[in-house]
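Chemist:
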Amino acid sequence: MLPLPKPGLDARTVFTTCTATARPETLRARLQDLKDHVAKAAVEYETAAAGQALHTLGHLQHQPDGKPPPTAGGINEQLTKTYKSRMVPKRSSGRDFYDQLLSEAPDGRCALCGQGLADTLDHQLPKTAYPLLAVTPANLVPTCRDCNFYKGEQAPATAEEQTLHPYFDGHVHDYVWLTARIAGPPEPAISFHATPPPDMPPVWAARVLRHFTTLKLARLYNPQAGLELRSLSRSLHRLPPKEIPEHLRERAADWAEENPNCWQAALYRGLAESTWYAEEGYKEPWH
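Following the working numbering, the numbering of the sequence shown begins with 1 at its first residue and continues without gaps.
#1: From P131 to A183, what does the alpha carbon distance come to, in whole angstroms?
#2: From the DSSP output, which residues share a beta bridge with I182?
#3: Mapping DSSP to helix, strand and coil, what is H123?
#4: Does the beta carbon of T158 come closer than 8 Å to any beta carbon on chain C?
#5: From K216 to C147, what does the alpha carbon distance come to, in whole angstroms?
#6: Between which two residues does the alpha helix (DSSP H) harbouring T26 extend?
#7: Assign A252 to one of two classes, buried (16 or more other C-beta atoms within 10 Å of its C-beta) or exposed (fewer than that).
#8: The alpha helix (DSSP H) spanning V38 covers which residue range?
#9: If distances are taken between C-alpha atoms only, which option among H173, A155, S231, R234 comes closest to H55?
#10: Given this structure, state the Cα-to-Cα distance separating T80 from F97, to the nearest angstrom.
#11: Can you give the Cα-Cα distance for A206 and Q162, rounded to whole angstroms?
#12: When the distance is taken between beta carbons, is A105 closer than 8 Å to P137?
#13: Here's the rule I'm using: 16 or more other beta-carbon atoms within 10 Å means buried, otherwise exposed. How should A278 be labelled?
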């Protein structure tokens with residue numbers, strides 16, 4: 001997860017702009033009558049997110065209509081369409097907000113996995129269950145399509161079921177929880193794991209595990225690590241053997257400065273801790 005600053009966009013302004021072009025006029029008036037409700041829900045959302053308590057917003061589910069699923073043509077369906085039809089499409093009234101949120105992705109990368117191309121926005125709380133939050137900026141995170149798909153439409157029932165939130169959960173990186181295990185000999189292999197340390201608060205630890213498994217991060221990181229290891233092997237062959245352990249430690253520290261829980265930092269930590277790799281493993285073909 002890549003920490004991001006909370007968007008500076010005002011939820012009421014975004015909603016009012018997105019609904020300004022709704023047709024017919026009666027629908028537009030009905031939607032804009034909800035702007036106070038949307039603004040209030042946005043404040044509640046930010047307070048809950050800051051306290052790792054999005055699961056406590058059950059009273060906002062399926063509001064204002066109050067019943068799932070959205071009735072065809074009903075107000076809840078029109079609220080979700082505010083995102084799908086009035087924010088996402090090119091030239092729509094809210095497209096500038098969509099582009100602005102997407103542009104906040106660091107180096108264009110997905111804020112949930114840190115690896116994929118951020119080419120869509122994910123609703124941290126799903127718009128189908130929380131239509132009042134459909135265009136709330138703090139609920140919209142720049143992500144890749146895979147993470148958006150894997151995360152799906154599930155709403156957390158407990159704090160432990162909540163995936164990490166890039167706008168509110170940056171403190172999770174005060175702990176080192178992503179690890180890489182180096183296997184060998186005889187066959188060299190690497191695997192990534194979420195391994196919360198003992199001093200990590202239990203809710204944080206549960207959320208880290210939830211995030212890692214929900215987004216299938218092990219499957220994402222393993223192929224990238226194989227490419228890195230093949231390149232690394234070539235460079236290590238040019239170093240005196242006694243310098244290899246220190247080189248691996250330095251690379252781990254360099255990547256940890258970027259993000260202590262990026263896969264590269266975890267990879268180099270694992271390699272630096274493996275005596276076998278520093279002495280023999282780097283000579284082996286990694287696939």
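Just so it is clear, CB atoms sit at the ideal spot from N, CA and C, and this is done for glycine as well.
Since this is a predicted model, take the numbers as computed values, not measurements.
Modeler: In terms of the structure at hand:
#1: Working through the sequence shown from its first residue, we reach residue 131 at position 131. Working through the sequence shown from its first residue, we reach residue 183 at position 183. Approximately 47 Å, taken between the alpha carbons.
#2: On the sequence shown, residue 182 is found 182 positions in, with the first residue counted as 1. Per DSSP, I190.
#3: The residue labelled residue 123 in the question sits at position 123 within the sequence shown. Correct three-state label for H123: strand.
#4: Absence of chain C from the displayed structure is noted, only one protein chain being present.
#5: For the purposes of this step, residue 216 is taken as residue 216 along the sequence shown, with counting starting at 1. For the purposes of this step, residue 147 is taken as residue 147 along the sequence shown, with counting starting at 1. In a straight line, the C-alpha of K216 is about 8 Å away from that of C147.
#6: Numbered from its first residue, the sequence shown carries residue 26 at position 26. Taken as a continuous stretch (DSSP letters only), the alpha helix (DSSP H) holding T26 covers 25–32.
#7: In the sequence shown, residue 252 corresponds to position 252, counting from 1. Classification of A252: buried, given that the 10 Å Cβ count is 16 or more.
#8: As a position in the sequence shown, residue 38 is number 38, starting the count at 1. Note, V38: alpha helix (DSSP H), 35–50.
#9: In the sequence shown, counting from the first residue as 1, residue 55 sits at position 55. When only C-alpha atoms are compared, the closest one is A155.
#10: Here residue 80 refers to the residue found at position 80 when the sequence shown is read from its first residue. Here residue 97 refers to the residue found at position 97 when the sequence shown is read from its first residue. Distance between the alpha carbons of T80 and F97 is about 16 Å.
#11: Position 206 of the sequence shown, counted from the start, is the residue given in the question as residue 206. Position 162 of the sequence shown, counted from the start, is the residue given in the question as residue 162. If you take the alpha carbons of A206 and Q162, they lie about 9 Å apart.
#12: If you number the sequence shown from 1, residue 137 lands on position 137. If you number the sequence shown from 1, residue 105 lands on position 105. No. Outside cutoff.
#13: For the purposes of this step, residue 278 is taken as the residue at position 278 of the sequence shown. So A278 ends up on the buried side.
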